[in-house]
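Peer 1:
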Amino acid sequence: MDNMALMNAPMLHFKNSALFGIHPNSFVCFQARSRSITKKPLLVEARGRANTRTESAKIRNRRMLKKYNGTATHPRLSVFCSDRQLYAMLVDDKNRSCLFYGSTLQKSIRQDPSCTTLEAAQRVGEALVKACITKKPLLVEARGRANTRTESAKIRNRRMLKKYNGTATHPRLSVFCSDRQLYAMLVDDKNRSCLFYGSTLQKSIRQDPSCTTLEAAQRVGEALVKACDDLNIKEISSYDRNGLHKRGEKLKAFETAISSYGFLPR
Numbered sequence: 000m001d002n003m004a005l006m007n008a009p010m011l012h013f014k015n016s017a018l019f020g021i022h023p024n025s026f027v028c029f030q031a032r033s034r035s036i037t038k039k040p041l042l043v044e045a046r047g048r049a050n051t052r053t054e055s056a057k058i059r060n061r062r063m064l065k066k067y068n069g070t071a072t073h074p075r076l077s078v079f080c081s082d083r084q085l086y087a088m089l090v091d092d093k094n095r096s097c098l099f100y101g102s103t104l105q106k107s108i109r110q111d112p113s114c115t116t117l118e119a120a121q122r123v124g125e126a127l128v129k130a131c132i133t134k135k136p137l138l139v140e141a142r143g144r145a146n147t148r149t150e151s152a153k154i155r156n157r158r159m160l161k162k163y164n165g166t167a168t169h170p171r172l173s174v175f176c177s178d179r180q181l182y183a184m185l186v187d188d189k190n191r192s193c194l195f196y197g198s199t200l201q202k203s204i205r206q207d208p209s210c211t212t213l214e215a216a217q218r219v220g221e222a223l224v225k226a227c228d229d230l231n232i233k234e235i236s237s238y239d240r241n242g243l244h245k246r247g248e249k250l251k252a253f254e255t256a257i258s259s260y261g262f263l264p265r
């Protein structure tokens, strides 16, 4: 190696890919092209609202009727004119009444004496003015309310049943007295049950021993007091006479018996 002479050799140029046996592919270069974008102006079409359609005079009149406020002293003047005729009214909207009506078709205006439609329209106006001047005074009739009729005891009792609040410890005492008999009940409205029932028709009260209706009414009261003592009832929630305002002899005898127990003041 030391004796080997130095020689000048040409320089060889190698590529890394050629050295390893890889042949590079040809690289394609894409040139960016500039494209001009054409912008169109935005067109906004103004459309009318859905309710801008033409409204007929008849529909408009119905809608405007809700806003009218004519009264008996300040009525509303309503005039309608067709192709041939004219109609006029004075309307009291508050009481829903017509104070005056005139048209060019009325015989009293058209034929006394006979005239044209224009003259008849003028006569309608004159008749309206005359009606306003010679208008009769307004008569107001005072009427009673619809619910001022006499209410029967049966109807009143049904209406009052919604307000009763009898319970097992504080029941409602319901008494009904007809022309001949007396009926009494202790009612638990909350549980919808009857705690006691007695009447002057019961055999256990009427025939042991035999007695009159007044004595039987007193015995009903005594039986009610005994039932309250057995059920440990010391107080009643309400005393319902079923719409009876007058106290008959039978009712007095019954109340005398129950007042001794403390239900009613003597």
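Under numbering that gives the first Met the number 0, the residues of the sequence shown are numbered 0 to 265, in order. Cβ atoms here follow ideal geometry from the backbone N, Cα and C, with glycine treated the same way.
List in chain order: all unbroken beta strand (DSSP E) runs of 3+ residues lying wholly within the segment 142-224.
Peer 2: If we require 3 residues or more, the beta strand (DSSP E) runs fully inside the segment 142-224 come out as 171-176, 181-187 and 192-198.
Peer 1: Among LYS245, HIS244 and GLU234, which residue has its Cα nearest to the Cα of SER258?
Peer 2: Taking the first residue of the sequence shown as position 1, residue 258 is located at position 259. Ranking LYS245, HIS244 and GLU234 by Cα distance to SER258 puts GLU234 first.
Peer 1: For CYS80, list the residues DSSP reports as bridge partners.
Peer 2: As a position in the sequence shown, residue 80 is number 81, starting the count at 1. Looking at the DSSP assignment, CYS80 forms a beta bridge with LEU85.
Peer 1: Across the segment 56-68 and the segment 95-110, are there enough close Cβ pairs to call them in contact, namely three or more that are closer than 8 angstroms?
Peer 2: Contact fails: fewer than three Cβ-Cβ distances are below 8 angstroms.
Peer 1: From GLN180 to GLU214, what distance separates their C-alpha atoms?
Peer 2: For the purposes of this step, residue 180 is taken as residue 181 along the sequence shown, with counting starting at 1. For the purposes of this step, residue 214 is taken as residue 215 along the sequence shown, with counting starting at 1. Answer to the nearest angstrom: the Cα atoms are 11 angstroms apart.
Peer 1: What residue from PHE99, SER81 and ALA56 has the CA that sits closest to MET88's CA?
Peer 2: As a position in the sequence shown, residue 88 is number 89, starting the count at 1. Checking every option, the nearest Cα to that of MET88 belongs to PHE99.
Peer 1: Which residues does DSSP list as the beta-bridge partners of GLN121?
Peer 2: Here residue 121 is taken as the residue at index 122 of the sequence shown, counted from 1. Its beta-bridge partners do not exist; DSSP assigns none.
Peer 1: According to DSSP, is CYS227 helix, strand or coil?
Peer 2: Here the question's residue 227 lines up with position 228 in the sequence shown. If DSSP states are grouped into helix, strand and coil, CYS227 belongs with the helices.
Peer 1: Buried or exposed, going by whether 16 or more other CB atoms sit within 10 Å of the CB of THR103?
Peer 2: As a working note, residue 103 is residue 104 in the sequence shown. Result: buried.
Peer 1: Grab the span of the alpha helix (DSSP H) containing LEU243 for me, first residue to last.
Peer 2: On the sequence shown, position 244 is the one that residue 243 refers to. No alpha helix (DSSP H) contains LEU243, which DSSP labels as neither H nor E.
Peer 1: Could you say which of PHE262, ALA216, LYS129 and ASN241 lies nearest to ALA152 if we only look at CA atoms?
Peer 2: Taking the sequence shown and counting its residues from 1, the one referred to as residue 152 is at position 153. If we check each option's Cα against that of ALA152, ASN241 comes out closest.
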